[in-house]
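Here the structure is laid out as structure tokens; the discussion comes afterwards.
Protein chains: 2
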Amino acid sequence: MSNGQERPWDPRLAPLLKRTAEIRDLNAALAVLGWDQQVYMPSGAAAGRAAQLETLTVIVHEKSTDPVYGALIREAAAMEFEPDSDEAALIRRLERDFRKKQAVPAELAGRIARQCGETQSAWEAAYAASDFRLCAESLKKLLALEREYADCFPEAGSRYNAMLDDYEEGLTTATLDVIIPPLKQGLETLLAEIMAKPAPEDSFLYRDYDTDAQLAFCRRLTEAMGFDYTHGRLDLSTHPFTTDFGLDDVRITTRVRRREPANCIFSCIHECGHAMYQQGIARKYAGTPLSDGASLAFHESQSRFWENILGRSPEFWRNFYPDLVRTFPANLRDVPLDAFLKAVNRVRPSFIRTESDEVTYNLHIILRVELERALIDDRIAVDDLPGIWNDAFERSFGIRPANDREGVLQDVHWYSGGVGYFPTYMLGNLIGATLKERFFADGLPETPRDALDLLRDRVYRFGAKYAPSDFLRRLTGSSVPDVAPFLRYLREKHLGEVK
Amino acid sequence: MSNGQERPWDPRLAPLLKRTAEIRDLNAALAVLGWDQQVYMPSGAAAGRAAQLETLTVIVHEKSTDPVYGALIREAAAMEFEPDSDEAALIRRLERDFRKKQAVPAELAGRIARQCGETQSAWEAAYAASDFRLCAESLKKLLALEREYADCFPEAGSRYNAMLDDYEEGLTTATLDVIIPPLKQGLETLLAEIMAKPAPEDSFLYRDYDTDAQLAFCRRLTEAMGFDYTHGRLDLSTHPFTTDFGLDDVRITTRVRRREPANCIFSCIHECGHAMYQQGIARKYAGTPLSDGASLAFHESQSRFWENILGRSPEFWRNFYPDLVRTFPANLRDVPLDAFLKAVNRVRPSFIRTESDEVTYNLHIILRVELERALIDDRIAVDDLPGIWNDAFERSFGIRPANDREGVLQDVHWYSGGVGYFPTYMLGNLIGATLKERFFADGLPETPRDALDLLRDRVYRFGAKYAPSDFLRRLTGSSVPDVAPFLRYLREKHLGEVK
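Protein chains in written order, with this note's numbering: chain W, 1 to 499; chain P, 500 to 998.
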């Protein structure tokens, strides 16, 4: 794949690049404020922080829709760069972003931002009380605004398409309709086959593990994986996440629980996958929207590849299990590597998506995708959501949530304006398995650094240069994520089937 | 003192208050980025952070000098509010800030900001090598720009006056000329008298103290003093500081050294003094420039009052010494409170200002004030600075710095554009002692909360409503800081003299 990353930007783009860098700096400032809010901010500072975030958001919006900026983008587009050049890629991204921002009236954007804040607060109260009714009215208002937002993009063909395109460029319901039925059926079949076999012993994963020792181990692990701590950090937060303030400052968070070491370890590996993608992007792209992953799905393909495909493999743990046993001898001295691997790969139906195994995970996602599509299309009523959720869950998993917190309230996405986000998780899993077949046909590498070197060279350094479907086609030959490699990977690992 | 804080803002000011809140939010974002830079930012992220800070600074400058904003201030000024009202106070501040910002061409402000960054970097290298010559040329460039800056304010009467007014509204060399000679003489006499007496035993302050235990003690101490941790934090940094992101998020930092527990404890008390001032400002002033201390000197008067006048007193330590002994029994079990107090109040000449006692501290400051005034007036040459420093130091302290790091390079102020800042430290010490005589004539309160309640009511809640000289006059009857109470306080404490 040609790249042109060794060449500097065309000097005629300097005024435009000054603008993108300014917008990027402001977004970085927003990200610092957001990181601090979740990691260190004292509880009483929430209102002030919300005001700061709103002020900065308004300024970013003004800068991103400034007509002078638009004119610079149009001038650049008229310069006729070679189609595969970095310049052409940058201008394509800028045109798309500018067009999408311009399509939405500023006052609607403001109303949505405020309603997102309100509905998220309502969700927090509802979650605490495990009672969906406490946020139902607020969610209705937010969905009404999201429909209004989607109607700003009539060319998308449907409201849900418009929402999808915000999170994954070019994704449509037509693609989901190709992917979901075989994926759902394949996973339900596989789940039944696995559940018919005896479950592995995993009680040693639920003993007492010192939290400081867990964190120290995770630091050694992520550093050995290749996370660059001179350009990043690991901190604690309620919900693990990755954020960045430019390519030289990429931060991950995790949570730590005394009796669930696997939770901390695998969430660290997951976020580290995101972070190493970000740290691996070509320096040239700094200060432009190309200094990002190709898409949310591509980002998730890497976090999940590291977390599950590599991160739960014998190849990976041969490097780290001796250290883990040394760190927790009382719990693991008598557990051989093979037993540890079986335990951390245990599959079973459970209620909470973020704690589910790699087989059931996508069933959780499919449930959400089907429901949110129906919601935005007005085919189901908000008030009926908890019951519909529980019915659908029982059909897929064979177990029924006992309350709203175990069901419809468990994820914040819908309540913070994120309808259309969930499919990217699913696509990420599919792309991760497809890239595994493509890059590691002869087996996984013996050390994580070998995997990182290859992924940097083939994927990470390209950042957001290519649209996701284009990038996928360049990497795999097909522009639509394929279900088969993912199912093959799962069947081989969990049933011992050979391709 | 009337205050009007119970009344809401005049509704006609709403458009103006929206602007001040926006600027305040942007400054808060800058402060968050600055805090993170010193507390948590990974080392490799410095260049990116500098760019983010510059982008935000430019936007703040644009917003602060926007002609529409200026027109709103002028309209408000024409509304003729009662002179002692909050509205009049706010408009006075806004007019002053706008006028000062407008007097400086944007391109000069930009050149100064860049040169500050450059000279500070040069200072860092010079400090590391303890060689002033490595930053001398860079300092010359910065001083030339500062002279150019000072010349934007011909009405100040002199360049140094123009610099002083930036840090302490209304302060002039005329005031310094009244204060410095008697203060210098009084301190040098006192120092000689103290040094003629036997020094107290303090070797127990230089034994091994667990750093986690030091920090845990400081947390308990500051919380008991009244620092509100639901609206604040305590973190670690190389140089202790206080910052705030609005009245509801005030953060302090400290440093911790195994063999110098007093360093950590008293820097915590000092910063806590700053922070409690900030946390005590009337809520009404949030989002305006009134939500600050009356001046840098007033802020320092509080940090030093808490650190030295209260924080090294028997009244204070009767509350906390039992906890300290429980925390470090091996080191302090056999040290009675009286011996501890003598040790933490030990006076002796030393080279480093930030580690000096309360008697010699102001001699350190006077040295700097005399030199920076001569520097900005071009009466001494930059290249001669190290020798001049060492000569002057030897005259005042009787000891001579062995190298530049112990001498002219020890403080960052001059190298980061802070010529004119040092006098505020000195004035702070004087004001602190004056307020002690005024508020606590019958002795210090038995608990820190009693002191805090009184200071909040008399000082903190007024924020920046009054110009510093006006506030001082309202509080003490005199608008010029008085040397006598400070010398009385020191002589009583260190020589046992009764007033």
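Built from N, CA and C at the ideal position, the CB exists for glycine as well.
| Asked | Found |
| --- | --- |
| Neighbour-count burial assignment, D890/P, 16 or more Cβ in a 10 Å radius | exposed |
| is_contact[F81/W, chain P] using C-beta, thresh 8 angstroms | no |
| Distance, E201/W Cα to N161/W Cα | 44 angstroms |
| Per-residue burial, M41/W [other beta carbons within 10 Å of its own, 16 or more giving buried] | buried |
| Within 7 angstroms of chain W by C-beta, residues of the segment 712-743 of chain P in sequence order | Y728, T729, H730, G731 and R732 |
| Partners in chain P for T55/W, counting only beta-carbon separations shorter than 7 angstroms | E521, D524 and L525 |
| Meets three-Cβ-pair contact criterion under 8 angstroms: the segment 756-770 of chain P and the segment 83-98 of chain W | no |
| Paired residues, beta bridge with G779/P - DSSP | DSSP, once it has assigned bridges, lists no residue as partnering G779/P. |
| Beta-carbon proximity check, T933/P vs P980/P, cutoff 8 angstroms | yes |
| Inter-residue spacing [alpha-carbon to alpha-carbon] between D665/P and G919/P | 8 angstroms |
| Bridge partners - R233/W, DSSP secondary structure assignment | R251/W |
| Residue interval of the beta strand (DSSP E) (run including T243/W) | T242 to D244 |
| Pick from A842/P, A544/P and L512/P that is closest to E759/P, judged by C-alpha positions | A842/P |
| Supposed close pair A528/P, D248/W - CB separation, criterion 8 angstroms | About 19 angstroms separates the two Cβ atoms, so there is no contact after all. |
| Proximity test, Cβ basis, 8 angstroms: M41/W and chain P | yes |
| Where L571/P meets chain W, residues with beta-carbon distance less than 9 angstroms | Those within 9 angstroms of L571/P in chain W number zero; the least Cβ separation is about 17 angstroms. |
| Any chain W beta carbon closer than 8 angstroms to G779/P | no |
| Cβ neighbours of Y776/P in the same chain (closer than 7 angstroms, five flanking residues each side left out) | G792, H798, Q801 and Y959 |
| Residue closest to D734/P, alpha-carbon to alpha-carbon, out of F744/P, A723/P, G725/P and R718/P | R718/P |
| L444/W - DSSP class collapsed to helix/strand/coil | coil |
| Check whether N844/P and Y708/P have beta carbons under 8 angstroms apart | no |
| Within 8 angstroms, strictly: CB atoms of G731/P and I751/P | yes |
| Assigned secondary structure, M724/P (DSSP; H/G/I helix, E/B strand, else coil) | helix |
| Beta-carbon neighbours of L532/P, restricted to chain W and to distances below 9 angstroms | A28, A29, V32, L33 and F245 |
| Minimum Cβ-Cβ distance from I558/P to chain W less than 8 angstroms | yes |
| Assigned exposure category for I808/P - 16 Cβ within 10 Å defines buried | buried |
| Distance between L971/P and L929/P (C-alpha atoms, nearest Å) | 11 angstroms |
| G786/P beta carbon less than 8 angstroms from that of L516/P | yes |
| Nearest residue (CA-CA) to A21/W, options D509/P, V538/P and A550/P | A550/P |
| Option in S563/P, L525/P, R573/P and D630/P with minimal Cα separation from L552/P | L525/P |
| Residue range of the alpha helix (DSSP H) that includes A528/P | A513 to V538 |
| Endpoints, alpha helix (DSSP H) assigned at F340/W | L337 to V344 |
| Selected residue, minimal CA-CA separation from G533/P, among E871/P, A983/P, P681/P and F740/P | F740/P |
| Interface residues of chain W facing D565/P [CB-CB closer than 8 angstroms] | Near D565/P there are no residues of chain W at all, since even the closest Cβ is about 13 angstroms away, more than 8 angstroms. |
| Limits of the unbroken alpha helix (DSSP H) element including V60/W | A46 to S64 |
| Q601/P - DSSP class collapsed to helix/strand/coil | helix |
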